[in-house]
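In terms of numbering that gives the first Met the number 0, the sequence shown opens at residue 0 and continues consecutively.
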Amino acid sequence: MHRKHAAVIAICMAGALAVAGSAFSGRASTPTLKGVVGPGYSISLKLGGKKVKTLRAGTYKIVVSDKSSFHNFTLEREHPSKPKLEKHVSGVSFTGTKTLTWTLKPGSWRAYCSVHEALMHQDFKITR
Numbered sequence: 000m001h002r003k004h005a006a007v008i009a010i011c012m013a014g015a016l017a018v019a020g021s022a023f024s025g026r027a028s029t030p031t032l033k034g035v036v037g038p039g040y041s042i043s044l045k046l047g048g049k050k051v052k053t054l055r056a057g058t059y060k061i062v063v064s065d066k067s068s069f070h071n072f073t074l075e076r077e078h079p080s081k082p083k084l085e086k087h088v089s090g091v092s093f094t095g096t097k098t099l100t101w102t103l104k105p106g107s108w109r110a111y112c113s114v115h116e117a118l119m120h121q122d123f124k125i126t127r
């Protein structure tokens, strides 16, 4: 009887260690934001297929598909404006895909085409 208890305890401890090990083996994977600009006068930034409205501050993988040689894709924190946080992900003459990893800090943000910002932008918030 004593051996059965010892075996059960050993199995339970091994299971608990396996669960704890997997929980602390590393941080969760980096979320991927998907941006698209063009081919017409359109721009979008999505997470899991849904338009980004609010995200938590943190590090994101950003994959941008630029489908036009007369648009670009820029990310910028609008407020607070200091320190300035801005990244031109793709240039005006570029078409194709660009990928970067960037830490988004709290504030009001905008994804936009810097050539046609009045027509092509998407505003979103980054919260703590």
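By construction, the Cβ of each residue, glycine as well, lies at the ideal position given by its N, Cα and C atoms.
Test item: CB-CB of residue i and residue j under 7 Å
i: residue 58; j: residue 111; result: no
i: residue 91; j: residue 63; result: no
i: residue 83; j: residue 38; result: no
Nearest-angstrom Cα separation, counted from residue j out to residue i
i: residue 101; j: residue 107; result: 16 Å
i: residue 35; j: residue 71; result: 10 Å
i: residue 40; j: residue 97; result: 19 Å
i: residue 115; j: residue 56; result: 27 Å
i: residue 68; j: residue 27; result: 36 Å
i: residue 123; j: residue 50; result: 9 Å
i: residue 126; j: residue 54; result: 6 Å
Cβ neighbours of residue i in the same chain (closer than 7 Å, five flanking residues each side left out)
i: residue 78; result: 106, 107
i: residue 93; result: 65
Whole-Å CB distance - residue i paired with residue j, under 8 Å assumed
i: residue 60; j: residue 29; result: 5 Å
i: residue 45; j: residue 76; result: Not quite, the Cβ-Cβ distance comes to about 19 Å (not below 8 Å), so this is no contact.
Nonlocal neighbours in the same chain, by C-beta distance under 8 Å from residue i, ignoring five residues either side
i: residue 31; result: 46, 59, 60, 61, 62
i: residue 42; result: 34, 35, 36, 70, 72, 110, 111, 112, 119, 120, 121
Residues near residue i by beta carbon distance below 6 Å, same chain, minus five either side
i: residue 99; result: 61
i: residue 85; result: 75
Complete runs of the alpha helix (DSSP H) confined to the stretch 20-103 [at least 4 residues]: none
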